[in-house]
Amino acid sequence: AQKITQTQPGMFVQEKEAVTLDCTYDTSDPSYGLFWYKQPSSGEMIFLIYQGSYDQQNATEGRYSLNFQKARKSANLVISASQLGDSAMYFCAMRASGTYKYIFGTGTRLKVLA
Amino acid sequence: NAGVTQTPKFQVLKTGQSMTLQCAQDMNHNSMYWYRQDPGMGLRLIYYSASEGTTDKGEVPNGYNVSRLNKREFSLRLESAAPSQTSVYFCASSEAGLAGKGIFGPGTRLTVL
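Going line by line, the protein sequences match chains W and L.
Residues in the first sequence are numbered consecutively from 1, following my numbering.
Residues in the second sequence are numbered consecutively from 1001, following my numbering.
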């Protein structure tokens, strides 16, 4: 069975500092994709970053980077230079080969402090 | 591009009433999904459609039915609503392949009294 675990229900970070949101996953499939989404208070789901299981380098998208440690089955999201607008719920998700489903974690609520 | 649209945005039902949530995408995606979001539970998959003409159950299908009307449209029906179905419902679509990122609609907030 596939599973995503996010163990941090809530996090605080000071504006302009970096923050790491944890995500561990479980799958027996050798091919899979890992995704991070942001959900601001307005409710929409916004795609942030993607990492493939066979990608050699960690994914980066602007201030977002994914710290992918395959042996540990972790895919942590790093947000650099936090901004007040980063305050939101963040979800980690996985999609395994042969299926079309996205499996989500329970999310981490991030609050950026001025 | 509109992306993924959902109607209605809000709905209040009484126990036992039925309704259909509509979803449409204009990105020519093959796969479409219905999720529900409850506090502390993340997003849970109700049903999905890998391609036009196919539908499959997700994690929490009980009490729901779906129809993949065509490539663009994927509807979710509650035949006899229950208070336990009070939730926010998201429709999503994606390209095939591992890297296909899911694009989500704005959500429908449903309350069942």
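Glycine included, C-beta positions come from ideal geometry on N, C-alpha and C.
Rounded to whole angstroms, what is the Cα-Cα separation between residue i and residue j?
i	j	result
residue 11 of chain W	residue 111 of chain W	6 Å
residue 1056 of chain L	residue 1077 of chain L	14 Å
residue 42 of chain W	residue 1084 of chain L	23 Å
residue 1113 of chain L	residue 1073 of chain L	28 Å
residue 1086 of chain L	residue 56 of chain W	43 Å
residue 9 of chain W	residue 45 of chain W	18 Å
residue 1004 of chain L	residue 1027 of chain L	8 Å
residue 103 of chain W	residue 3 of chain W	7 Å
residue 1102 of chain L	residue 17 of chain W	29 Å
residue 1111 of chain L	residue 1046 of chain L	17 Å
residue 1058 of chain L	residue 1011 of chain L	23 Å
residue 992 of chain L	residue 1025 of chain L	Since the displayed chain L opens at 1001 and closes at 1113, residue 992 of chain L lies outside it and no answer follows.
residue 1094 of chain L	residue 78 of chain W	25 Å
residue 1060 of chain L	residue 1041 of chain L	12 Å
residue 34 of chain W	residue 51 of chain W	5 Å
residue 969 of chain L	residue 1096 of chain L	Coverage of chain L is limited to positions 1001 through 1113, which leaves residue 969 of chain L absent and any answer about it impossible.
residue 54 of chain W	residue 1098 of chain L	11 Å
residue 1022 of chain L	residue 1064 of chain L	13 Å
Can you tell which of the options has its C-alpha closest to the C-alpha of residue i?
i	options	result
residue 71 of chain W	W:26, W:46, W:4 and W:40	W:26
residue 22 of chain W	W:59, W:68 and W:58	W:68
residue 20 of chain W	W:56, W:101, W:64 and W:94	W:64
residue 109 of chain W	L:1039, L:1020 and L:1101	L:1039
residue 1120 of chain L	L:1015, L:1011 and L:1071	Absent from the model: residue 1120 of chain L. The displayed extent of chain L is 1001 to 1113, so no value can be given.
residue 1080 of chain L	L:1051, L:1062, L:1068 and L:1093	L:1062
residue 74 of chain W	W:36, W:13, W:81 and W:14	W:36
residue 14 of chain W	W:58, W:40, W:76 and W:81	W:81
residue 115 of chain W	W:40, W:53 and W:24	Outside the modelled stretch of chain W, which goes from 1 to 114, sits residue 115 of chain W, for which no answer is possible.
Output, in chain order, the set of chain W residues within a Cβ distance shorter than 8 Å of residue i.
i	result
residue 1110 of chain L	Simply none; closest approach about 13 Å.
residue 1050 of chain L	100
residue 1058 of chain L	101
Can you name the residues of chain L whose CB is closer than 9 Å to the CB of residue i?
i	result
residue 33 of chain W	1097, 1098, 1099, 1100 and 1101
residue 7 of chain W	Near residue 7 of chain W there are no residues of chain L at all, since even the closest Cβ is about 13 Å away, more than 9 Å.
residue 109 of chain W	The premise fails here: residue 109 of chain W is roughly 11 Å from chain L at the closest Cβ pair, so nothing lies under 9 Å.
What residue range is occupied by the uninterrupted beta strand (DSSP E) comprising residue i?
i	result
residue 1044 of chain L	1042-1049
residue 73 of chain W	Taken as a continuous stretch (DSSP letters only), residue 73 of chain W belongs to no beta strand (DSSP E), as it is neither H nor E.
residue 1111 of chain L	1108-1112
residue 14 of chain W	10-14
residue 1024 of chain L	1019-1025
residue 86 of chain W	No beta strand (DSSP E) holds residue 86 of chain W; DSSP gives it neither H nor E.
residue 1071 of chain L	Where residue 1071 of chain L is concerned, there is no enclosing beta strand (DSSP E), given that its DSSP letter is neither H nor E.
residue 1037 of chain L	1031-1038
residue 1091 of chain L	1087-1094
Among the residues of its own chain, which have a CB less than 8 Å from the CB of residue i, if the five just before and after it don't count?
i	result
residue 1107 of chain L	1006, 1009, 1037, 1088, 1089 and 1090
residue 60 of chain W	49 and 66
Using a C-beta to C-beta distance shorter than 7 Å, which residues of chain L count as neighbours of residue i?
i	result
residue 45 of chain W	1090 and 1104
residue 82 of chain W	The contacting residues do not exist; residue 82 of chain W stays about 23 Å from chain L at best.
For residue i, which residues from the same chain have a beta carbon less than 7 Å from its beta carbon, with the 5 sequence-adjacent residues on both sides left out?
i	result
residue 107 of chain W	6, 89, 90 and 91
residue 97 of chain W	29, 31 and 32
residue 84 of chain W	15, 112 and 114
Using the beta-carbon of each residue, which ones in chain W are nearer than 7 Å to residue i?
i	result
residue 1041 of chain L	106
Can you tell me whether residue i sits near the ligand GTP, meaning its C-beta is under 7 Å from at least one heavy atom of the ligand?
i	result
residue 50 of chain W	Ligands displayed in this structure: none; no statement on the ligand GTP is therefore possible.
Among the residues of its own chain, which have a CB less than 6 Å from the CB of residue i, if the five just before and after it don't count?
i	result
residue 1032 of chain L	1049, 1074 and 1093
residue 1014 of chain L	1113
residue 1044 of chain L	1036, 1059 and 1060
residue 1020 of chain L	1075 and 1077
residue 95 of chain W	33 and 102
Going along chain L in order, which residues have a C-beta closer than 8 Å to the C-beta of residue i?
i	result
residue 97 of chain W	1098
residue 25 of chain W	In chain order: nothing, as chain L lies at least about 13 Å away.
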